[in-house]
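Working notes for the structure below.
Numbering (the numbering used here), first residue to last: 7 to 503.
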C-alpha cells in the first residue's frame, strides 16, 4: 500500500477517494454539506461501512432521522448495518418507553450543553475510529447565535481530536447560505449540489472546497446515486504522459481510396472530426475506420448518441460491415448513450474505463448528442479538449462526428471544435446533372500531407467508394456547382450507367 494512505481513511467510494487523493486524513474533522436529497446520508453510511470492513469501530449519531429510517436507506442499497453502532436523538413522544430514554433527546427542550454531553456519552461508549454526526442544523438551532454555535463546534472538534477519531459532520444548509462557521474549523469541506435541467433526470455534482495540507482534484465532479450507493466520476485530467513513447504510425481504414485521400491514413493517437449535414454518411464513414482497426487486431469502442443500435446494425450490414459479429467476438464495444440521463462526467468515465481495458480506436457519434447532455457550449469545448488530450496521450485514435445545420449552401455547426481536431473531413451534398450527389474532402491534417482534391463518393454494398477528383466543377462545397467541362459527367464515375 502507498505509504501516505496508511494515515488516511478511505471512504469506500472509489471516485471520491480519487478526488481526495486517498480519502480523509485520520483523526480530523470533515464537513459534508448539501441540500436535502443530495446524498449526504448515503455517503456517510458508505464511509462507515468502509471502516467497518477494515476492522474499525464506527458510530452514526443521528438527530434528523430514526434508526429505522437509516436501516431502510441501507437496505435500499443492499447493505447490512451489522457492526455499525447507531445512536439516535429523536423526540421522546415518538418513543415513550422509559427503558429507551438513554438514547432519546428532544433538542428543543434541552440545553445545548446537554446535547453535546449526550453525544460524548455515545462516543465514550463505542470509542469509534470513525463517526458521522447528522446533522449540524439541529445544533445550530440550539445554539441560536453564530458565536455560541462556533464555540460548540470547536468543543466537538477538540474532543474528537484528542481521541484520534475521524469525524464526518453532515449539514443540510438549512440556515443562511452566508453562514460559513464550520468551514474555518473543519479540516476539509465537500459540497454536494443537485441541478434540475429543463428536461431529463436531475444532475448531481460535488466540489471539494477545502482540504488542509493536502492536494486534491479541484473543480466539479459528477456523481450519481443508484442501488449500491454513490458513484463519483472524477473530472477527467489528461495528465502529462509522454506521447513520444509510442510510434505515430499511419493506420489504414477499410477503404484504400479513402486512405489515399488522407495521405496514407490516420496517425495513431490523433483525432479526426467528420463534418457534414444529416444523411451524408458520417457514421458509416467512421465504421470504415473501425473495420480497419479490427482488421489490424485492435479493439474499438463506439459511443452512439443519436441512433438506435438495431438500425445501426442494419445499416452497417448493408455496406458489408457486420457489427454484431465484431461485438460477439469481443473486438468492438458499442454503448448507446442517453443524453437525457448520462452526465458528461459519467460519459468520460466510461470512455476511460474502456481505454484502460485495451480499446485503441474510439468513435463518438455525435457531438450534437454530447452537447445535448451539456448545453453550455464553452464547457462542452473544455470537456472535449480534455478528453482528446487524454486519449491522445494513451495512443488512442479518436473519431468524432458533427451534424451541421442545413443541406446545401452555407453550413453551420452547433459547436466549433475544428481547432481541436488533428484532421477534419468534410462531407457535402451537391447537385449535378439532375442528381443529388455527395462529395468528400480533407480540409485539415496536422500530422502529414493530404490530397487537396474534392471527390465524389458513393455508399454501396462494398462501403465507401470514391471517384476521381472533381476537377471539372467549381463550387462543389457550396452545394450548387458549375460545370466547366462537357465531359464532367463521365469523369465522376465512369462505370455509372
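The beta carbon of each residue, even a glycine, is placed where N, CA and C say it ideally should be.
Model, not experiment: these values are computed from the prediction.
When we look at the beta-carbon of residue i and count the other beta-carbons within 10 Å, is it buried (16 or more) or exposed?
i	result
residue 21	buried
residue 287	buried
residue 425	exposed
residue 451	buried
residue 190	exposed
residue 468	exposed
residue 68	buried
residue 233	exposed
residue 88	exposed
residue 43	exposed
residue 208	exposed
residue 40	buried
residue 463	buried
residue 224	exposed
residue 240	buried
residue 442	exposed
residue 355	buried
residue 153	exposed
residue 302	exposed
Report yes if the C-beta distance between residue i and residue j is below 8 Å; otherwise report no.
i	j	result
residue 402	residue 366	yes
residue 174	residue 197	no
residue 339	residue 45	no
residue 118	residue 149	yes
residue 237	residue 30	no
residue 244	residue 36	no
residue 393	residue 242	yes
residue 337	residue 363	no
residue 91	residue 134	yes
residue 56	residue 84	no
residue 461	residue 473	yes
residue 457	residue 299	no
residue 23	residue 16	yes
residue 132	residue 53	no
residue 397	residue 368	yes
residue 194	residue 168	no
residue 331	residue 290	no
residue 210	residue 199	yes
residue 32	residue 13	yes
Tell me which same chain residues have a C-beta within less than 6 Å of the C-beta of residue i, skipping the five on either side of it?
i	result
residue 391	426
residue 459	475
residue 27	221 and 222
residue 350	379, 380 and 389
residue 449	430 and 432
residue 178	42, 141 and 143
residue 284	409
residue 129	none
residue 73	92 and 94
residue 360	307 and 339
residue 342	310 and 315
For residue i, which residues from the same chain have a beta carbon less than 8 Å from its beta carbon, with the 5 sequence-adjacent residues on both sides left out?
i	result
residue 205	346
residue 272	256, 257, 259, 278, 295, 403 and 429
residue 453	254, 273, 276, 428 and 429
residue 47	71, 76, 79, 140 and 176
If I measure Cβ to Cβ from residue i and keep anything under 7 Å in the same chain, skipping five residues before and after, which residues do I get?
i	result
residue 326	467, 468 and 469
residue 115	Low per-residue confidence applies at residue 115: pLDDT is 41, beneath 50, and the placement is therefore not dependable enough to give any value.
residue 482	434, 436, 445, 460 and 476
residue 77	87
residue 293	322 and 327
residue 352	228, 230 and 239
residue 203	209
Inter-stretch contact at 8 Å, needing at least 3 Cβ pairs: the region 370-389 / the region 303-323: yes
Kindly provide the ranges of any beta strand (DSSP E) runs that are 3 or more residues long and lie completely inside the region 50-89, ordered along the chain. 64-68
At a cut of 8 Å, does the region 55-68 reach the region 148-166 through at least three beta carbon pairs? no
Within the region 341-428, note down every full alpha helix (DSSP H) run reaching 4 residues or more, in order along the chain. 350-362, 373-379 and 383-398
Whole beta strand (DSSP E) elements within the region 176-204, 3-residue minimum: 194-201
Output the residue ranges of the alpha helix (DSSP H) runs that lie fully inside the region 245-314 and measure 4 residues or longer, sorted by chain position. 262-267 and 288-301
Ignoring anything shorter than 3 residues, give me the beta strand (DSSP E) runs that lie fully in the region 113-178, in order along the chain. 136-140 and 172-177
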